[in-house]
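Residue numbers (mature numbering (1 follows the signal peptide of the UniProt record, and there is no 0)): -24 to -1, 1 to 548.
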């Protein structure tokens, strides 16, 4: 009898202890996010995602998020922030953390999750808030890993929705950027509320918010996995290569376009420099800038076949094929990157490697000033030169450009009939136009520029394009891919955002099961090394990208050897 009573007392003690423990369990931590649109309070779940919550709170406590912006806003999908300041300069972070996507928490409306790149274990400071239920982000989707949810909005979902309704635009390589910056003034650990029994129920949205209507998520890039433009679908790091990888081994350093729409010239520079390395049997990774073709100088040679569009700020579009033909068939040389460097010229406003809003504002202001001053100069150049030393234009050029531009050169540029000519005049000085500072094209009489499709009215197709790509790569020659429409709804005739890249590799990849396989291309993008790193070194799925060109004339351009008869006729 005594043993029975002791056992009963022991069980009652356990039950009482458990009850007391439940009553005194700490409430989940909460963080108040004070934004320029209002306050958002999020509740975190360290029991489900301990490393992710700890990482987030460390950034909060250090004040890291103060002054950051929501840089990516996509209605019907999510809002993303935590990585950039108001000028879209990426902040330096601590090291990445392991993925915690297997906790059972799902990407429901109002939940808070960690953004990452194609590498599943790459999350640092960036986060996103789901605007709708996004099952496509739950493990194992979309890439075999999923995205780690670690909290939810418990107050201020109306603020989140207000952020989501903000007008957006494209800034350099960043799409879906709010026109009016939405800033995080501060983040602070909030006083925890009493323990909420509901916690994060997996069958309903946040208890404090009305349920969102069920809708199919839009086919947009996962948070943090893409720069926000359409067409570049990154091959996940866990994809399995099928067969041999065909890749150009001797490629020059990556060329940059900054916030000028001269991607076509960056691609042309890469192909021309690579062809010279081939002809001279030099290591292209070690090529010096005096042997590299100037991107900004080449942009003038492609203007004759303007592709249109407004990518990414001022309309400086053009044709890579036109540049290659002009240099290979007519000029045989161009200014070097050492003499005429967009990166050097714009160092005061961040350089050309990264597209910054400060650059965008400067170029747009300069275009408006050109239009205003063009009329003044054409009417009375002497009047302009008399006022110029004290003008806003002089001050802005001095503050923004890392070079000295003579007053007479500014006036001569303003007198030119188009803005492109003005830019060329102020960025390329007379010394760079001399033969002694130019790069010679070594294969001028030995190669031809191949185009696909060749005819203006001819239309290609995916199968033929892949065949030509593989043919060129097997010959160890990169190709320029142009006419890529990055609009959400791409159009062959009314595309707002055209882009061009270099193709340097091809392979077939399969998912981890080996059942689903597809073609992949390695692209070299003039948006910078950061973009390459974020996109698995430039490996993207081939068909979604190529289909956005609509296979119009000169979608692909590359160098190929001339036949004997072609070489002989060229030398007559």
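Cβ coordinates follow ideal geometry from the N, Cα and C atoms, glycine included.
Can you give me the start and stop residues for the beta strand (DSSP E) that residue i sits inside?
i: residue 154; result: 150 to 154
i: residue 163; result: 160 to 166
i: residue 60; result: 54 to 61
i: residue 128; result: 125 to 131
i: residue 389; result: It is not in any beta strand (DSSP E) - residue 389 instead sits in the alpha helix (DSSP H) that spans 383 to 391.
For residue i, collect the residues of the same chain with a Cβ closer than 7 Å to its Cβ; drop the 5 residues on either side in sequence, then sort them by chain order.
i: residue 512; result: 94, 210, 211, 213
i: residue 100; result: 69, 70, 72
i: residue 354; result: 391
i: residue 274; result: 241, 244, 245, 299, 310
i: residue 334; result: 63, 325, 326
i: residue 488; result: 120, 214, 216
i: residue 401; result: 385, 388, 389, 392
i: residue 413; result: 311, 312, 315, 407
Within 10 angstroms of its Cβ, does residue i collect 16 or more other Cβ (buried), or is it exposed?
i: residue 568; result: No answer is possible for residue 568: the residues shown for the chain start at -24 and end at 548.
i: residue 439; result: exposed
i: residue 356; result: exposed
i: residue 537; result: exposed
i: residue 531; result: buried
i: residue 66; result: exposed
i: residue 124; result: buried
i: residue 34; result: exposed
i: residue 490; result: exposed
i: residue 173; result: Legend: pLDDT at residue 173 = 29, less than 50; position of this residue unreliable, value from coordinates given subsequently. Answer is exposed; the Cβ neighbour count stays below 16.
i: residue 363; result: exposed
i: residue 380; result: exposed
i: residue 25; result: buried
i: residue 374; result: exposed
i: residue 233; result: buried
Work out the CA separation of residue j and residue i for me, nearest whole Å.
i: residue 249; j: residue 241; result: 12 Å
i: residue 339; j: residue 236; result: 8 Å
i: residue 36; j: residue 6; result: 11 Å
i: residue 23; j: residue 329; result: 41 Å
i: residue 166; j: residue 142; result: 27 Å
i: residue 296; j: residue 475; result: 11 Å
i: residue 343; j: residue 395; result: 7 Å
i: residue 157; j: residue 418; result: 48 Å
i: residue 437; j: residue 527; result: 6 Å
i: residue 529; j: residue 298; result: 12 Å
i: residue 320; j: residue 228; result: 18 Å
i: residue 263; j: residue 255; result: 13 Å
i: residue 485; j: residue 270; result: 35 Å
i: residue 359; j: residue 383; result: 12 Å
i: residue 399; j: residue 322; result: 12 Å
i: residue 11; j: residue 42; result: 10 Å
i: residue 45; j: residue 154; result: 9 Å
i: residue 336; j: residue 370; result: 18 Å
i: residue 126; j: residue 9; result: 15 Å
i: residue 112; j: residue 466; result: 23 Å
i: residue 276; j: residue 259; result: 28 Å
i: residue 51; j: residue 318; result: 35 Å
i: residue 105; j: residue 432; result: 46 Å
i: residue 533; j: residue 426; result: 6 Å
i: residue 134; j: residue 230; result: 43 Å
Name the residue from the options whose alpha carbon lies nearest to the alpha carbon of residue i.
i: residue 456; options: 481, 471, 466; result: 481
i: residue 252; options: 303, 126, 522, 426; result: 303
i: residue 496; options: 502, 479, 503; result: 479
i: residue 225; options: 356, 261, 296; result: 261
i: residue 136; options: 108, 125, 337; result: 108
i: residue 130; options: 484, 360, 4; result: 4
i: residue 207; options: 535, 524, 534, 393; result: 524
i: residue 77; options: 85, 86, 122; result: 122
i: residue 220; options: 450, 469, 467, 520; result: 450
i: residue 139; options: 337, 316, 14; result: 14
i: residue 448; options: 423, 461, 432, 431; result: 423
i: residue 372; options: 352, 416, 346, 388; result: 346
i: residue 443; options: 352, 408, 522; result: 522
i: residue 75; options: 388, 492, 404, 29; result: 29
Note down, in chain order, each residue of its chain lying with its Cβ closer than 8 Å to the Cβ of residue i, except the 5 sequence neighbours on either side.
i: residue 103; result: 32, 56, 57, 58, 88, 89, 90, 91
Return the chain-ordered list of same chain residues with a C-beta closer than 6 Å to the C-beta of residue i, the five sequence neighbours on each side being excluded.
i: residue 510; result: 93
i: residue 350; result: 390
i: residue 494; result: 517
i: residue 223; result: 481
i: residue 316; result: 270, 272, 273, 404, 408
Starting from residue i, follow the alpha helix (DSSP H) in both directions and report where the run begins and ends.
i: residue 431; result: Careful: residue 431 lies outside any alpha helix (DSSP H) and carries neither H nor E.
i: residue 328; result: Premise fails: residue 328 is in no alpha helix (DSSP H) and is neither H nor E.
i: residue 440; result: 438 to 450
i: residue 507; result: 505 to 510
For chain D, is any of its Cβ atoms less than 8 Å away from the one on residue i?
i: residue 31; result: Absent here is chain D; the protein component of the structure consists of one chain.
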